[in-house]
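A.B. asks: Residues 60 to 757 in the working numbering are what the sequence shown lists, from first letter to last.
Where a beta carbon is used, it is the ideal one built from N, C-alpha and C, also for glycine.
All figures in this text were calculated on a predicted structure; none of them were measured in a lab.
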Amino acid sequence: MLNNRMSYKTRESNVDVLIIGAGPAGHMAATWFARTGVNARIIDKRSARQFVGQADGLQSRSLEIFQSFGFADRALKESNHMLELCFWEPEQDASKGIKRSGAIPDTTIGLSRFQQVVIHQGTVEGWMRDSWKKWSDNTLVLERPVQAKELEIDQSVQSTDLKSFPVTVTVEHLDDDQAAVEQFGSKISNGLFRQFDGDGDKIVQGETEIIHAKYVLGTDGAHSWVRKQLGISMTGESTDYVWGVLDGIPVTDFPDIRCRCAIHSAENGSIMIIPREHNMIRLYIQLQKAPRANDSNSGRIDRSKITPELILENANKILYPYTIEMVDIKWYTAYQIGQRVATEFQKGGRVFLAGDATHTHSPKAGQGMNISMADTYNLSWKIAHVVKGLASPIILDTYESERKTVAENLIEFDSTIASLFSSRPAVNGKETPGVDLEEFHRVFEKSNEFTSGTTVDYNKSILIDKVDSGSRKFRYDEENIFTSPLAKRCPIGRRLGSSQVLVQSDSKPVYLEDIMPSDGRWRVLYFAGDIKNNEYLQNFMNLFGDYLNSQNNFVKKYTPATAKIYSVIEVLLVHASKRKAYEWNDFHTAFRPRDYKGRMDYLRIFSDDESYHHGHGHAYEKYGIDPSVGAFLVIRPDGHLAKVENLSEEGIANIEKYFSGFMIPQLVSLSNHQQIVVEKENKEWYGSHSYAVRALAE
60 MLNNRMSYKT RESNVDVLII GAGPAGHMAA TWFARTGVNA RIIDKRSARQ FVGQADGLQS
120 RSLEIFQSFG FADRALKESN HMLELCFWEP EQDASKGIKR SGAIPDTTIG LSRFQQVVIH
180 QGTVEGWMRD SWKKWSDNTL VLERPVQAKE LEIDQSVQST DLKSFPVTVT VEHLDDDQAA
240 VEQFGSKISN GLFRQFDGDG DKIVQGETEI IHAKYVLGTD GAHSWVRKQL GISMTGESTD
300 YVWGVLDGIP VTDFPDIRCR CAIHSAENGS IMIIPREHNM IRLYIQLQKA PRANDSNSGR
360 IDRSKITPEL ILENANKILY PYTIEMVDIK WYTAYQIGQR VATEFQKGGR VFLAGDATHT
420 HSPKAGQGMN ISMADTYNLS WKIAHVVKGL ASPIILDTYE SERKTVAENL IEFDSTIASL
480 FSSRPAVNGK ETPGVDLEEF HRVFEKSNEF TSGTTVDYNK SILIDKVDSG SRKFRYDEEN
540 IFTSPLAKRC PIGRRLGSSQ VLVQSDSKPV YLEDIMPSDG RWRVLYFAGD IKNNEYLQNF
600 MNLFGDYLNS QNNFVKKYTP ATAKIYSVIE VLLVHASKRK AYEWNDFHTA FRPRDYKGRM
660 DYLRIFSDDE SYHHGHGHAY EKYGIDPSVG AFLVIRPDGH LAKVENLSEE GIANIEKYFS
720 GFMIPQLVSL SNHQQIVVEK ENKEWYGSHS YAVRALAE
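Written out as structure tokens, the structure is:
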């Protein structure tokens, strides 16, 4: 064995960020790093032969994030859209089987411009890899099969030392045969091995590489190797509930087969039906009597006895008087419901865990892929800021405080839903009490807001300026929302909802979120109010414009001298006057800047006015902003509202103070002549920071 290892040549390399694990969380991290120009690598121990099955649901917030990266159109085109959720329960006479008891919108109306869709996880990951290729000029690629073997953190290196590479990871490059995904029992692809034994303990050998990294992300799933290396444990409980999952094309007389359905039978368990792309469906089926190794209810689950036939047998009992068969079965698995959260999400400020490595739960609410991607969507822009020298490493502390709260809320929610779903319903004539199905309907309907991902609310921190609400437990009410009187309908800490506005220069209707793509920039939305009819607001616009044109302001202070203005902090003006009431040349030049060739930027001034073809967006009304007062809204690179300020010199000073808490002042600003020279010579630096700027640079 030793001689075999000696035959491989060991090589060493340095990288700013190493991502271990290429599931949804790892892919989202890589998407951020490609978009922001961070030197990153992503490795995965599995072979290039894709593992089928896995997650399939995309919630509203995930689609908003995809829109911000530029590929939501692919999701909308290729996915199956779920618009209705149907409830089924036992007939009054339980011997007659089940009946439809109600139907509601699958996504709460008005939360987002996007509704829930379903598509295979592998397809979603493919969209993100295409994004890497575009923004990294194909330098960021998924490396597999590569298995991590050792991890060590040099604790003597200070968190502020960004020249050193304190995390050392030893990996082995394998071939596809060594890393092939193991199946169990059936010839049909299944996930039984992963669900009950994990898939990280195979001993294989290949070409050794020692990777030195500034930061490491462990996004390697529920059986996380990285988490084990860090000695971080998971806390929580497992239940006795065992559910089977089956993907295929149905042959059935069940009338709601193309709707999402939550079905309770009187005695045979429950089913959730998920309609998928290409006429396929996914069944989540409660196994009333999961096969055990010793033929008792307490023994270890016997994986060899879990088959598609067993799962379908249970499904037909639950669906009676309807029947179902499956053709073209693609995948199946079974899992034991449990809810766990990692005790820590990071070690030493250098190695971070995300996704299933930090939280495990049932798939009932379609949160697995969505929450996992949201974890690294939160973390990766912060790492990019630190690596690029724009912000202090102190901002990385907010990752655990923000996302662990979300994970704990998810576990509490999932425990409630899983219990309501798996328990026997209350049935007439039964002495043993059961689940009140009306309560199940109420909980499921209200929980749509939580599961959409649009109501995630981050607590007070160095990045969120609001009153500390303390520990935030999951609630079905609106108790802990914090808003400013200046923007009464914009909860601070939540993502800023979208609204239509008009481009001042040409009347094009656009959504605000679409002009704030995920490119690593902060946005200061300057809601200038009714500048045409309010002298104070008009005067303040000129005052703020003079401030932005000066050398000492919060935009230039934190922008590298070799970078284009607004490439780190972007200011966008949205006024409440009629679009035609204010001429283009009447706006201060700070809001209509020119580049080194004299080309005007026409995409920084917007009007909350009526479109010729798409109606009125009523942005001020939607955000609760008084047009006679206006407001500053500071938006983080991940779209969450960080701060609200008044339109005054004091408000500007408070924004300066906010950024000074974590941003790093850059080189002294250059003269106008020097800036022109720098822009000509360094177009590539800011080319990855904006769609519009990239087009100009090319």
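On the CB-based measure, 16 or more other CB atoms within 10 Å of its CB, does Tyr-274 come out buried or exposed?
C.D. replies: Classification of Tyr-274: buried, given that the 10 Å Cβ count is 16 or more.
A.B. asks: Determine whether the beta carbon atoms of Gly-683 and Cys-549 lie at a separation below 8 angstroms.
C.D. replies: Yes, the pair counts as a contact, with Cβ atoms nearer than the cut-off.
A.B. asks: Tell me which residue opens and which closes the beta strand (DSSP E) that Val-97 is part of.
C.D. replies: Counting along the chain, Val-97 falls outside any beta strand (DSSP E), and DSSP gives it neither H nor E.
A.B. asks: Given a threshold of 16 other Cβ atoms within 10 Å of its Cβ, counted over all protein chains shown, does Thr-392 qualify as buried or as exposed?
C.D. replies: Its Cβ being crowded by 16 or more others within 10 Å, Thr-392 is buried.
A.B. asks: In the DSSP output, which residue or residues are listed as bridge partners for His-140?
C.D. replies: Paired residue(s): Val-176.
A.B. asks: Secondary structure at Pro-484, three-state DSSP: helix, strand or coil?
C.D. replies: In the structure shown, Pro-484 sits in a strand (DSSP, three-state: E or B).
A.B. asks: Does DSSP put Phe-411 in a helix, in a strand, or in coil?
C.D. replies: Reduced to three states, the DSSP call for Phe-411 is strand.
A.B. asks: Under the three-state reduction of DSSP, which class applies to Lys-637: helix, strand or coil?
C.D. replies: Reduced to three states, the DSSP call for Lys-637 is coil.
A.B. asks: Sorted by chain position, which residues of the same chain lie with C-beta nearer than 7 angstroms to Asn-731's C-beta, five sequence neighbours on each side aside?
C.D. replies: Below a pLDDT of 50, predicted positions are generally treated as unreliable, and Asn-731, at 44, falls in that range; the measurement from the model is reported next regardless. There are no such residues.
A.B. asks: Alpha helix (DSSP H) containing Tyr-679: first to last residue?
C.D. replies: 678 to 682 is the span of the alpha helix (DSSP H), which, as asked, contains Tyr-679.
A.B. asks: Use the C-beta contact count for Ser-121: other C-beta atoms within 10 angstroms, 16 or more gives buried, fewer gives exposed.
C.D. replies: Buried, because 16 or more other Cβ atoms sit within 10 Å of the Cβ of Ser-121.
A.B. asks: Is it true that the CB of Ala-281 sits closer than 8 angstroms to the CB of Asp-415?
C.D. replies: In this structure, Ala-281 lies closer than 8 angstroms to Asp-415 by Cβ.
A.B. asks: So, is Leu-607 buried or exposed, given that buried needs 16 or more other C-beta atoms within 10 angstroms?
C.D. replies: Counting Cβ neighbours within 10 Å, Leu-607 comes out buried, since at least 16 surround it.
A.B. asks: Identify the continuous beta strand (DSSP E) that holds Trp-581 and give its terminal residues.
C.D. replies: Taken as a continuous stretch (DSSP letters only), the beta strand (DSSP E) holding Trp-581 covers 581 to 588.
A.B. asks: What residues match up with Asp-79 in a beta bridge as DSSP calls it?
C.D. replies: A quick correction: the sequence has Ile, not Asp, at residue 79. Answer is Ile-102 and Gly-277, bridged to Ile-79.
A.B. asks: For Glu-71, collect the residues of the same chain with a Cβ closer than 8 angstroms to its Cβ; drop the 5 residues on either side in sequence, then sort them by chain order.
C.D. replies: Taken in chain order, the residues that qualify are Glu-268, Ile-269, Ile-270 and His-271.
A.B. asks: Between Arg-638 and Ala-131, what straight-line distance do the alpha-carbon atoms span, to the nearest angstrom?
C.D. replies: Each residue's Cα considered, the two are about 30 angstroms apart.
A.B. asks: Alpha carbon to alpha carbon, what distance is there between Glu-148 and Asp-495?
C.D. replies: Spanning the two alpha carbons is a distance of roughly 11 angstroms.
A.B. asks: I'd like to check one pair, Gly-579 with Arg-94: are the Cβ atoms closer than 8 angstroms?
C.D. replies: Yes. Within cutoff.
A.B. asks: Flag this pair as touching only if the region 132 to 151 and the region 83 to 97 have three or more C-beta atom pairs under 8 angstroms; answer yes or no.
C.D. replies: Too few Cβ pairs lie closer than 8 angstroms, so no.
A.B. asks: Which residues in the same chain have their Cβ closer than 8 angstroms to the Cβ of Glu-708, if we skip the five residues on either side of it in sequence?
C.D. replies: So the list reads Leu-602, once near-sequence residues are dropped.
A.B. asks: Using DSSP with H/G/I as helix, E/B as strand and the rest coil, what is Thr-267?
C.D. replies: Thr-267: strand per DSSP, three-state reduction.
A.B. asks: What's the C-alpha gap between Ala-81 and Glu-669?
C.D. replies: About 45 angstroms.
A.B. asks: Considering only C-alpha positions, which residue in the set Ile-370, Tyr-436, Lys-447 and Asp-456 is nearest to Gly-407?
C.D. replies: Minimum Cα distance to Gly-407 is reached at Asp-456.
A.B. asks: Excluding sequence positions up to five away, which residues of its chain have a Cβ less than 6 angstroms from the Cβ of Lys-591?
C.D. replies: Excluding sequence neighbours, Lys-591 sits near Ser-636, Ala-640 and Tyr-641.
A.B. asks: Could you spell out where the alpha helix (DSSP H) holding Arg-399 opens and where it closes?
C.D. replies: No alpha helix (DSSP H) holds Arg-399; the beta strand (DSSP E) holding it covers 383 to 401.
A.B. asks: Please classify Ser-431: does DSSP put it in a helix, a strand, or coil?
C.D. replies: In this structure, Ser-431 counts as helix in the three-state DSSP scheme.
A.B. asks: What does DSSP give as the partner residue(s) for Glu-150 in the beta ladder?
C.D. replies: None; Glu-150 has no bridge partner.
A.B. asks: Kindly indicate which three-state DSSP category Met-595 falls into: helix, strand or coil?
C.D. replies: Sequence check: residue 595 is Tyr here, not Met. In the structure shown, Tyr-595 sits in a helix (DSSP, three-state: H, G or I).
A.B. asks: Whether or not the region 459 to 477 and the region 418 to 434 are in contact is what I'm after, with contact meaning three or more pairs of Cβ atoms, one per stretch, closer than 8 angstroms; do they touch?
C.D. replies: Verdict: yes, contact present.
A.B. asks: Leaving aside the five residues before and after Asp-660 along the sequence, list all residues of the same chain whose C-beta is less than 6 angstroms from its C-beta, in chain order.
C.D. replies: For Asp-660, where only same-chain residues beyond five positions count, the Cβ hits under 6 angstroms are Pro-652.
A.B. asks: In whole angstroms, give me the CA-to-CA distance for Arg-172 and Ile-163.
C.D. replies: Approximately 18 angstroms between the Cα atoms of the pair.
A.B. asks: Gly-529 by DSSP, collapsed to three states: which one?
C.D. replies: Reliability fails at Gly-529, whose pLDDT of 49 lies under 50, so the model's placement of it is uncertain and no value is given.
A.B. asks: When you compare only the Cα positions, how much space is there between Arg-531 and Asn-644?
C.D. replies: Bear in mind that a pLDDT of 45 at Arg-531, under 50, signals an unreliable position, so the number given afterwards is only what the model happens to contain. Approximately 48 angstroms, taken between the alpha carbons.
A.B. asks: Tell me which same chain residues have a C-beta within less than 6 angstroms of the C-beta of Arg-554, skipping the five on either side of it?
C.D. replies: These residues qualify, in order along the chain: Gly-698 and His-699.
A.B. asks: Answer yes or no: do Tyr-585 and Val-627 have a C-beta to C-beta separation smaller than 8 angstroms?
C.D. replies: Contact flag unset, no.
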